[in-house]
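Structure, as structure tokens:
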Amino acid sequence: MSLEASAYALNLQRCEDGAELSQAHKLLLLILANHHNPRSQDSWPSLPRLAEQCLCSEDTIRRSLDYLERHCTVLRVKPERQGRKMLTKYLLLGLDRRDLLAKKLTELASGKGSHGATLFSPAERVAEGSQNSPERVAEGSQKPPERVAEGLQKGSKVSGYEIENKESRSGTGTGTKAKGKEELEHHADGGSVSSNGNSQTNPNGNGAASSRMAKALAGWMEIKSALRVQLGEDLWQDLIRPLFLLHVMTDGKSLMVTMPRSTKLAARIRERMFTIQHVAQAHGYAVLLSWYPDDQDMQRMQREYPEIYAQWMNAAKDVRP
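Every letter in the sequence shown is one number past the one before it in full-length UniProt numbering, and letter 132, counting from 1, is 132.
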């Protein structure tokens, strides 16, 4: 611990280039000052230690460090090679490297720095924020006549992801003709397409949606198996085994995965989200986290997605996939 570094961080009201300093940034600076070594003139706490002492996630620490480094307050020095005791060092530029700070401020003043503009000033920020954007307003007010003119029948509803035809649901009318994936998305609620192009309703509700859900479920099982190998049995039992597939988006690649309603367990799972997303991307999917479903969600799942509902019933019997 360095008293000089603590005094520097405590008295710092703005970043070295004049940018605003939030409470989170101030707390991070105080923690770095607490780890400061006056002999080597640096701090080298690990990222998990910083997150633990700041009571926030590692992603928040990374964003704060990016901000402080961008505004000439902290400099990260990464190790040249990996190994034991090879940690990232943090320099307080206003205390440890005043020569480097002066060089960075000169570059910013001349427009050659990372900002690509002159030094930060509150007046310039206000001017930038007060600019009007009539082009964006004009874009938002436009109507989509092209989608309406694609041959949608009366009773169809245009949404952000798919087209739902109420007549084809009840089996009393014919659906719209489409090509490729759009034709399947039109019957995502369980309808099927006959050989002459008319829409038919499957009484069991098994259509493109059921096929998409079954494929997503198989993909999720492969992801869990791969995570079991990569994370190990202990972490897999604690973090991955309680995760279950609840829903798949209409693109067929975004999986809504649920986790127990425990904040501590959720925090541990989110710490491993980089690994989970990396494995999911290798299988062609993206993972979105949500809480376990309530009674209303379970009823809807039983009615619309029997495959996923069966997975939950097996989980209740400790026969988890």
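Beta carbons: idealized from backbone N, C-alpha and C, even for Gly.
Subject >> Three-state secondary structure (DSSP) of Tyr305 >> reply: Here residue 305 refers to the residue found at position 305 when the sequence shown is read from its first residue. It is coil, neither helix nor strand.
Original post:
Starting from Met273 and walking both ways along the alpha helix (DSSP H), at which residues does that stretch end?
Top reply: Along the sequence shown, read from residue 1 onward, the residue named residue 273 stands at position 273. 273-282 is the extent of the alpha helix (DSSP H) around Met273.
Subject >> Beta bridge counterpart(s) of Asn11 as assigned by DSSP >> reply: Working through the sequence shown from its first residue, we reach residue 11 at position 11. Partner(s): none; Asn11 has no beta bridge.
Original post:
Just checking my contact of Leu12 with Leu29 at CB under 8 Å: how many whole Å lie between their CB atoms?
Top reply: Position 12 of the sequence shown holds residue 12. Position 29 of the sequence shown holds residue 29. Contact holds; Cβ gap of about 7 Å.
Original post:
Looking at the unbroken alpha helix (DSSP H) that takes in His25, where does it start and where does it end?
Top reply: Within the sequence shown, residue 25 is the residue found at index 25, counting from 1. Unbroken alpha helix (DSSP H) run through His25: 23-34.
Original post:
Can the beta-carbon of Ser64 be found closer than 8 Å to that of His25?
Top reply: Along the sequence shown, read from residue 1 onward, the residue named residue 64 stands at position 64. Along the sequence shown, read from residue 1 onward, the residue named residue 25 stands at position 25. Taking 8 Å as the Cβ cut-off, Ser64 and His25 qualify as a contacting pair.
Original post:
DSSP state of Leu3, grouped into three classes?
Top reply: By one-based count along the sequence shown, residue 3 stands at place 3. Residue state, collapsed to three classes: helix.
Original post:
Under the rule that 16 or more other beta-carbon atoms within 10 Å means buried, what is Gly219, buried or exposed?
Top reply: Mapped onto the sequence shown, residue 219 falls at position 219. When all chains shown are included, Gly219 counts as buried.
**OP:** Look up Leu75 in the DSSP assignment and say whether it is helix, strand or coil.
**Re:** Numbered from 1 along the sequence shown, position 75 holds the residue referred to as residue 75. Three-state result, Leu75: strand.
Original post:
When burial is assigned at 16 or more other CB atoms within 10 Å of the CB, is Ala280 buried or exposed?
Top reply: Looking up residue 280 in the sequence shown gives position 280. With 16 or more other Cβ atoms within 10 Å, it is buried.
**OP:** Would you give the residue range spanned by the beta strand (DSSP E) that Thr250 belongs to?
**Re:** Taking the sequence shown and counting its residues from 1, one reaches residue 250 at position 250. Here Thr250 belongs to no beta strand (DSSP E), and DSSP marks it neither H nor E.
Original post:
For Met256, which residues does DSSP report across the bridge?
Top reply: Mapped onto the sequence shown, residue 256 falls at position 256. BP columns for Met256 point to His247, Leu288.
Original post:
In or out: Val193 buried (at least 16 other Cβ within 10 Å) or exposed?
Top reply: As a first step, residue 193 is located in the sequence shown; it is residue number 193 there, counting from the start. Because the pLDDT at Val193 is just 34, under 50, the model does not fix this residue reliably, and the value given afterwards should be weighed accordingly. Buried is the call here.
Subject >> Helix, strand or coil at Asp99 according to DSSP, with G and I counted as helix >> reply: Counted from its first residue, the sequence shown places residue 99 at position 99. Reduced to three states, the DSSP call for Asp99 is helix.
Original post:
Residues in its own chain within less than 6 Å of Val77 by CB, not counting five upstream and five downstream?
Top reply: Counting from 1 along the sequence shown, the entry for residue 77 is found at position 77. Same-chain partners within the cutoff: Lys89.
Original post:
How about Ser43 and Leu55: do their beta carbons lie closer than 8 Å?
Top reply: Mapped onto the sequence shown, residue 43 falls at position 43. Mapped onto the sequence shown, residue 55 falls at position 55. Cβ atoms of Ser43 and Leu55: not closer than 8 Å.
Original post:
Exposed or buried, which one is Asp96 when buried takes at least 16 other CB atoms within 10 Å?
Top reply: Within the sequence shown, the letter at position 96 stands for residue 96. Label assigned to Asp96: buried.
Original post:
Can the beta-carbon of Tyr305 be found less than 8 Å from the beta-carbon of Lys253?
Top reply: Taking the sequence shown and counting its residues from 1, one reaches residue 305 at position 305. Taking the sequence shown and counting its residues from 1, one reaches residue 253 at position 253. Cβ distance not < 8 Å, so Tyr305 and Lys253 don't count as in contact.
Original post:
Leaving out five residues before and five after Met301 in sequence, what residues of the same chain have Cβ atoms less than 6 Å from its Cβ?
Top reply: Numbered from its first residue, the sequence shown carries residue 301 at position 301. Correct list, in chain order: Ile308, Tyr309.
Original post:
With contact counted as at least three CB pairs below 8 Å, one residue from each stretch, are the stretch 234-248 and the stretch 16-24 in contact?
Top reply: no
Original post:
How many angstroms separate the CA atom of residue 330 from the CA atom of Arg241?
Top reply: Missing from the structure shown is residue 330; the chain here goes from 1 to 321 and no further.
Subject >> Bridge-paired residues (DSSP) for Leu91 >> reply: Here residue 91 is taken as the residue at index 91 of the sequence shown, counted from 1. In DSSP, Leu91 forms a bridge with Leu75.
Subject >> DSSP beta-bridge partners of Asp59 >> reply: Translated into the one-based positions of the sequence shown, residue 59 becomes position 59. Partner(s): none; Asp59 has no beta bridge.
Original post:
Beta carbon of Leu246, beta carbon of Met256: below 8 Å?
Top reply: By 1-based counting over the sequence shown, the position of residue 246 is 246. By 1-based counting over the sequence shown, the position of residue 256 is 256. Cβ atoms of Leu246 and Met256: closer than 8 Å.
**OP:** Identify the continuous alpha helix (DSSP H) that holds Gln53 and give its terminal residues.
**Re:** Here residue 53 refers to the residue found at position 53 of the sequence shown. Segment 47-54, the alpha helix (DSSP H) holding Gln53.
Original post:
Which same chain residues, not among the five before or five after Cys15, have their C-beta less than 6 Å away from its C-beta?
Top reply: Along the sequence shown, one-based indexing puts residue 15 at 15. Correct list, in chain order: Leu21, His71, Thr73.
**OP:** Within its chain, find whatever has a CB closer than 8 Å to the CB of Ala51; leave out the 5 residues flanking it on each side and keep chain order.
**Re:** Translated into the one-based positions of the sequence shown, residue 51 becomes position 51. Within the same chain, Ala51 has close Cβ partners Ser57, Glu58, Thr60, Ile61.
Subject >> Span separating the alpha-carbon of Met249 from that of Val287 >> reply: Taking the first residue of the sequence shown as position 1, residue 249 is located at position 249. Taking the first residue of the sequence shown as position 1, residue 287 is located at position 287. Going by the C-alpha atoms only, they are around 11 Å apart.
**OP:** Helix, strand or coil for Asp17, going by three-state DSSP, please let me know.
**Re:** One-based indexing of the sequence shown puts residue 17 at position 17. Three-state result, Asp17: coil.
**OP:** Label Gln296 either buried or exposed according to how many other C-beta atoms from any shown protein chain fall within 10 Å of its C-beta, with 16 as the threshold for buried.
**Re:** Mapped onto the sequence shown, residue 296 falls at position 296. The residue is exposed, with fewer than 16 neighbouring Cβ atoms inside 10 Å.
Original post:
Under the rule that 16 or more other beta-carbon atoms within 10 Å means buried, what is Thr263, buried or exposed?
Top reply: Taking the first residue of the sequence shown as 1, we reach residue 263 at position 263. Classification for Thr263: exposed.
Subject >> Under 8 Å between C-beta atoms of Leu87 and Ser46 >> reply: Your numbering for residue 87 matches position 87 in the sequence shown. Your numbering for residue 46 matches position 46 in the sequence shown. Taking 8 Å as the Cβ cut-off, Leu87 and Ser46 qualify as a contacting pair.
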